[in-house]
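Quick notes on the structure that follows.
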Amino acid sequence: MIEDISRHGVTILLFLLTQEKVIVSDARRLNIGYSTFYRSLIPLIKMGLIEEEAEGARKAFKLTELGRQVALKLKEIDDMLKTTVKQEV
28 MIEDISRHGV TILLFLLTQE KVIVSDARRL NIGYSTFYRS LIPLIKMGLI EEEAEGARKA
88 FKLTELGRQV ALKLKEIDDM LKTTVKQEV
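Using our numbering, read the sequence shown as starting at 28 and increasing by one per residue.
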């Protein structure tokens with residue numbers, strides 16, 4: 028399962044911890060191309076980590092409760108690794 032989440036998928040999950048929703052134009056802010064952005068969303072939706080919401084003509088994506096729990100764990104791991112790397116330098 029975890030191998031299905033790309034590094035861009037992780038970036039999107041962590042971004043959604045700080046934002047209520049993500050829309051396609053946010054891909055540029057995340058330094059992700061639009062097609063890569065969409066490809067990264069597919070496994071996240073299939074795993075039930077994010078859900079799609081219609082916002083007029085646009086599509087928005089937000090974390091599900093499971094997605095929030097997974098994103099918080101990923102953030103915890105990221106913070107732990109950052110701390111470890113700083114201590115070794």
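Think of the CB as a built atom: it goes at the ideal place given N, C-alpha and C, for glycine as much as any other residue.
On a predicted model such as this, the values are computed, not experimentally measured, just so you know.
Checklist entry - DSSP on Ala-87, reduced to helix/strand/coil? => result Working through the sequence shown from its first residue, we reach residue 87 at position 60. Looking at Ala-87 - three-state DSSP - the assignment turns out to be strand.
Next on the checklist: Tell me the rounded alpha-carbon separation between Thr-63 and Leu-108.
Outcome noted: Numbered from its first residue, the sequence shown carries residue 63 at position 36. Numbered from its first residue, the sequence shown carries residue 108 at position 81. Distance between the alpha carbons of Thr-63 and Leu-108: 26 Å.
Checklist entry - In chain order, what residues of the same chain lie with their CB nearer than 7 Å to the CB of Ile-29, ignoring the 5 residues before and after it? => result The residue given as residue 29 occupies position 2 in the sequence shown. Hits under 7 Å: none found.
Checklist entry - How about Thr-38 and Leu-57: are their beta carbons less than 8 Å apart? => result Counting from 1 along the sequence shown, the entry for residue 38 is found at position 11. Counting from 1 along the sequence shown, the entry for residue 57 is found at position 30. It is a contact, given that the beta carbons lie within the stated cut-off.
Item to check | Host alpha helix (DSSP H) of Ile-77 (start-end) | outcome: For the purposes of this step, residue 77 is identified with residue 50 of the sequence shown, where counting begins at 1. First-last for Ile-77: 77-82, but that is the beta strand (DSSP E), not the alpha helix (DSSP H).
Next on the checklist: In the DSSP assignment, the alpha helix (DSSP H) including Lys-73 goes from what residue to what residue?
Outcome noted: Your numbering for residue 73 matches position 46 in the sequence shown. That run of the alpha helix (DSSP H) goes 61-73.
Item to check | Under the three-state DSSP convention, the category Val-49 falls into | outcome: Start at 1 with the first residue of the sequence shown, and residue 49 comes out as number 22. Three-state DSSP puts Val-49 in a strand.
Next on the checklist: Once the 5 residues before and after Ile-59 are set aside, which same chain residues still bring their CB inside 6 Å of it?
Outcome noted: Within the sequence shown, the letter at position 32 stands for residue 59. For Ile-59, where only same-chain residues beyond five positions count, the Cβ hits under 6 Å are His-35.
Checklist entry - Smallest Cα separation from Glu-154: which of Ala-98, Val-49, Leu-101 and Gln-96? => result Examination of residue 154 is not possible in this model, given that the chain is present from 28 through 116 alone.
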